[in-house]
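Student:
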Ligand code: KG4
Ligand code: ZN
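Numbering (the working numbering), first residue to last: 115 to 451.
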């Protein structure tokens with residue numbers, strides 16, 4: 115099994131990638147963000163229709179960049195859960211059609227498992243360290259997962275309300291910064307004072323998270339500033355920096371505590387929010403102090419991509435897994451019990 119083609123269409127990125135073993139030969143991602151920006155968030159039917167339009171060109175580009183012909187592909191890996199079902203079905207149908215036409219095996223991959231493997235895409239020759247702890251922080255998920263081995267996970271904690279990326283997106287919308295909000299807040303926060311506003315840090319039991327109270331606190335502060343006609347570039351930067359710091363404090367404190375409680379040597383932070391520059395800096399400092407080895411993928415592997423799906427698929431195929439043609443798509447599918 116030399117070449118694996120990965121397909122990802124769970125949300126608003128149409129992506130395809132070719133791996134040679136564990137090595138990325140190509141990874142193409144066509145983002146729909148500009149399309150959904152007009153609505154301030156992902157519209158499921160529009161996402162599905164865009165995948166239909168974009169998937170074939172993206173597949174073709176992935177093959178071209180890899181220098182691999184379709185006939186050389188040995189197996190297919192496709193995200194079939196969790197995600198927008200209408201969007202997932204586009205990638206799933208394409209994977210089945212290709213597998214059927216070429217009479218090659220395919221596997222369905224849990225999108226979250228893909229994110230888990232994204233931390234190891236840039237080190238194809240290094241052994242993947244187990245156990246390790248993963249913090250998944252994306253637009254749809256905020257989860258702490260203990261990985262004991264390939265395909266063997268324990269879900270330690272999750273968000274009780276909004277995902278971290280969702281909190282970024284909703285706060286950015288409130289501040290009129292557009293969609294997706296994470297990168298915009300990241301930029302604005304660079305010029306702001308993280309201590310300007312004392313936003314709450316939710317105290318949640320166990321290894322869970324909560325961000326909805328913070329979002330409400332920001333809304334109240336924005337309304338107060340607007341009433342005083344004091345919402346300007348300086349206060350906007352301060353709001354972004356203070357909001358971002360509150361999110362980071364909650365994420366970093368709990369994740370490091372979980373790493374220590376489980377005597378974890380390697381921590382990975384993955385998902386779109388892992389691209390946040392302040393998160394990377396502060397998590398690095400915290401891990402350095404705690405003696406924990408930290409891995410964060412480069413930005414293009416933090417956000418949704420098909421290389422991570424192909425790598426998760428690689429290990430499943432290696433273990434002998436094969437999907438049937440009746441494989442379905444699922445909106446919800448937690449990773450680990
Ligand atoms: O992993 P991802 O591409 O898609 C999901 O599976 O959800 O994550 C997208 C999320 C969005 O909420 C976006 O605002 C956030 O990641 N994000 C960021 C940054 N870049 C992307 N959040 C904070 N800072 C960033 N630099
Ligand atoms: Zn994702």
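Even for Gly, the Cβ is constructed at its ideal location relative to N, Cα and C.
Would you mind listing the beta strand (DSSP E) stretches within the segment 391-431 that are 3+ residues and don't spill past its ends, in chain order?
Tutor: If we require 3 residues or more, the beta strand (DSSP E) runs fully inside the segment 391-431 come out as 407-409.
Student: Grab me the residues of residue 179's own chain with a C-beta within less than 6 Å of its C-beta, minus the 5 sequence neighbours each way, in chain order.
Tutor: 140
Student: Which ranges would you report for the beta strand (DSSP E) in the segment 186-222 if only whole runs of at least 3 residues count?
Tutor: 189-195
Student: So, for residue 335: in the same chain, excluding its five sequence neighbours on each side, which residues have a beta-carbon less than 7 Å away from its beta-carbon?
Tutor: 311 and 353
Student: Does the distance between the C-beta of residue 229 and the nearest non-hydrogen atom of the ligand ZN fall short of 7 Å?
Tutor: yes
Student: Taking the straight line between their C-alpha atoms, what separation do you get for residue 276 and residue 238?
Tutor: 34 Å
Student: Just to confirm, does residue 282 get its C-beta within under 7 Å of one of the non-hydrogen atoms of the ligand KG4?
Tutor: yes
Student: Terminal residues of the continuous beta strand (DSSP E) containing residue 266?
Tutor: 266-272
Student: By Cβ distance, which residues of its chain are closer than 6 Å to residue 406, with the 5 residues on each side in sequence left out?
Tutor: Here the set comprises 373 and 381.
Student: Looking at C-alpha atoms only, which residue of 119, 221 and 157 is the closest neighbour of residue 182?
Tutor: 119
Student: Hey, would you say residue 321 sits closer than 8 Å to residue 258, going by beta carbons?
Tutor: Yes, the pair counts as a contact, with Cβ atoms nearer than the cut-off.
Student: Looking at C-alpha atoms only, which residue of 362, 339 and 303 is the closest neighbour of residue 324?
Tutor: Per the Cα distances, 362.
Student: With a cut-off of 8 Å, do at least 3 Cβ pairs link the segment 393-412 to the segment 188-199?
Tutor: no
Student: Residue 399 to residue 388, Cα distance in whole Å?
Tutor: 15 Å
Student: Leaving out five residues before and five after residue 221 in sequence, what residues of the same chain have Cβ atoms less than 7 Å from its Cβ?
Tutor: 191, 427, 430, 431, 435, 436 and 437
Student: Mind checking whether residue 230 and residue 443 have CB atoms under 8 Å apart?
Tutor: no
Student: How about residue 420 and residue 122: do their beta carbons lie closer than 8 Å?
Tutor: Taking 8 Å as the Cβ cut-off, residue 420 and residue 122 qualify as a contacting pair.
Student: For residue 423, tell me which candidate among 319, 115, 126 and 131 has the shortest Cα-Cα distance.
Tutor: 131
Student: With a threshold of 16 other CB atoms inside 10 Å of the CB of residue 359, please say whether the residue is buried or exposed.
Tutor: Classification for residue 359: buried.
Student: Is any heavy atom of the ligand KG4 found at a distance shorter than 7 Å from the C-beta of residue 387?
Tutor: yes
Student: I'd like the list of long-range same chain contacts for residue 308, defined as Cβ closer than 6 Å, with 5 residues on each side in sequence excluded.
Tutor: 355, 356 and 359
Student: In its own chain, which residues sit with a C-beta less than 6 Å from the C-beta of residue 306, not counting the 5 before and 5 after it?
Tutor: 351, 352, 354 and 355
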